[in-house]
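Remarks on the structure that follows.
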Amino acid sequence: MLTWPTWFWPYLRVEGLSLSSIAAITTTPTGLRSLLPLCSTLLVTLWIPEGLASEVKGDEECSIQTYQGALRDTVADLWSSQDGLIFVLATGAVVRLIAPLLEDKATDPAVVVVDEAGQFAISLCGGHQGGGDRLAQTISHYLNATPILTGAANHLQLPGIDVLGHPFGWVKG
C-alpha cells in the first residue's frame, strides 16, 4: 500500500491545516456498521438519518449526530465547517451531493467515499491539498480496506506538485 512519508503529513493541507474536524455520513445500517470503527479511533462525528438512530447501541464510543430532512441540506451545512467528509454512499450520489458546493481545491474539504462493504476508500476530492489521499489511506488502515488514489503523484510515489514546496515554506505566488 502506498503511504506518504510521515515527515510530509503536516504539509498535505494548505497552510499547515490538519484534518481535525471530520464528519462521516451514511444512510444505511450496513454503512453505519462500517463507519463505527472510525468513530472512536479517528474522532470522527458520525451523521445518520434520524430513522437510523435505533440501530445505535448505547455503548458505542462515538460522537453520533442525527439529521432530518434532505441529506443535501446536511452536507451543505457541514461543507464549510469540516476538514474532511467521509461518505458510505454510492460515488455517483456523493458527486451529485457535493457538485454544487465545490469552489476551490485549496479550501474545499477532503472527500472520501467508502463502499458499503468497507473494502475500498476512494479519495474523491481534495487529495493533495485537502488531505483526502492521506484520509483515504488512514481509513483503509482501520477498515482493512484498499485505498483508491487516482492522482499521478500517487503512482509515482511523489508529493503532488501543488504541495511539493510546503515543507520548505513555499507558496503559490
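Here the sequence shown is numbered in our numbering, starting from -18 and rising by one per residue.
For glycine and all other residues, C-beta sits at the position ideal for the given N, C-alpha and C.
None of these values were measured; they are calculated from a predicted model.
If you draw a straight line from the Cα of Leu130 to the Cα of Leu66, it comes to about 16 Å. Exclusion of the five residues before and after Ile6 leaves Trp28, Phe68 as the residues of its chain whose Cβ lies within less than 6 Å of its Cβ.
Spanning the alpha carbons of Asp85 and Ala57 requires a straight line of approximately 15 Å.
With contacts defined by Cβ atoms closer than 7 Å, Asp96 and Ser1 do not form a contacting pair. Between the alpha carbons of Glu31 and Ala4 lies a gap of roughly 16 Å. In this model, Pro10 and Ala34 are separated by some 10 Å (Cα to Cα).
By the Cβ-count criterion, Arg77 is exposed, with fewer than 16 other Cβ atoms from all chains shown falling within 10 Å of its own Cβ. With fewer than 16 other beta carbons inside 10 angstroms of its own, Gly73 counts as exposed. A Cβ-Cβ distance of about 4 Å is found for the pair Ser104 and Ala117, placing them in contact under the 8 Å criterion. In the displayed model, Pro128 falls within a strand according to three-state DSSP. Thr26 and Cys43 have their C-alpha atoms spaced approximately 7 Å apart. Beta-bridge pairing by DSSP links Gln46 to Trp28.
Less than 7 Å divides the Cβ of Tyr123 from the Cβ of Leu19.
Around the beta carbon of Ala71, fewer than 16 other beta carbons lie within 10 angstroms, which makes this residue exposed.
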